[in-house]
Amino acid sequence: MDFYKVIRTRRSVRSFKKDPMPEEVLNRVLEAARVAPSGSNRQPWKFILVKNETLKQKMISACDNQEFIAEAPLIVVACGQKLPINRGGYMGEMSMLVDVSIAFTHLILAARAEGLGTCWIGAFENEEIKKLLEVPDEYEVVAVTPLGYPSEDVFTESKDRKNLDEIVSPNKF
76 MDFYKVIRTR
86 RSVRSFKKDP
96 MPEEVLNRVL
106 EAARVAPSGS
116 NRQPWKFILV
126 KNETLKQKMI
136 SACDNQEFIA
146 EAPLIVVACG
156 QKLPINRGGY
166 MGEMSMLVDV
176 SIAFTHLILA
186 ARAEGLGTCW
196 IGAFENEEIK
206 KLLEVPDEYE
216 VVAVTPLGYP
226 SEDVFTESKD
236 RKNLDEIVSP
246 NKF
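Start counting the sequence shown at 76; every next residue gets the next number (my numbering).
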């Protein structure tokens with residue numbers, strides 16, 4: 076699929092088929108995240124694939140009671156290792172958020188290219204997920220997404236986007 080079509084038609088999916096995805100499709104999506112760039116090639120990420128139905132149900136309460144996340148065949152939890160790098164002079168040990176977000180974006184765009192749906196979940200309880208999935212202290216949960224085939228055709232281009240002149244300034248803010 077054309078890259079620009081992928082980025083123009085990626086959508087947040089909130090309804091999934093129960094159909095499992097072929098292992099080779101999942102591996103291509105995960106490979107896209109694996110090869111993402113990171114500062115000094117640190118790759119401070121770990122992706123947890125939650126397939127167990129009991130764990131998926133427990134993830135609902137940890138994700139602001141968004142029940143649709145458990146409909147998908149799996150839930151991807153992106154974790155980042157806290158690093159003593161102070162990007163921008165203000166990020167401190169949470170600078171890994173940038174790297175993990177880049178890798179997570181690779182994952183969701185690769186999923187779209189494969190016909191899979193995702194929904195970047197930012198409403199979650201970090202400590203609850205860490206306890207549930209036994210995430211070590213030196214990591215934080217950065218993002219969560221269900222991953223699976225959408226129950227309906229949702230991949231259309233959005234018309235609700237700002238114009239370039241609203242988001243781009245030449246030379247100065």
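Glycine included, every Cβ here is placed at the ideal spot set by N, Cα and C.
Query: Please report the residue range of the alpha helix (DSSP H) in which V125 lies.; Result: Where V125 is concerned, there is no enclosing alpha helix (DSSP H), although the beta strand (DSSP E) it sits in stretches over 120 to 125.
Query: Using the Cα positions of V229 and L191, report the straight-line distance between them to the nearest angstrom.; Result: 11 Å
Query: Quick check on DSSP: helix, strand or coil for W143?; Result: Checking the sequence, you will find Phe at residue 143 rather than Trp. Note: F143 maps to helix in three-state DSSP.
Query: In angstroms, rounded to a whole number, what distance separates the CA positions of P221 and R162?; Result: 30 Å
Query: Since A153 is in the beta strand (DSSP E), which residue starts that stretch and which ends it?; Result: 149 to 156
Query: Does the Cβ of P245 have 16 or more other Cβ atoms within 10 Å, making it buried, or fewer, making it exposed?; Result: exposed
Query: Between F122 and chain C, is any beta-carbon pair separated by less than 9 Å?; Result: No chain C appears in this structure, which consists of one protein chain only.
Query: Which class does V175 belong to by DSSP, given the choice of helix, strand or coil?; Result: helix
Query: Taking DSSP as the reference, what is the three-state secondary structure of S115?; Result: helix
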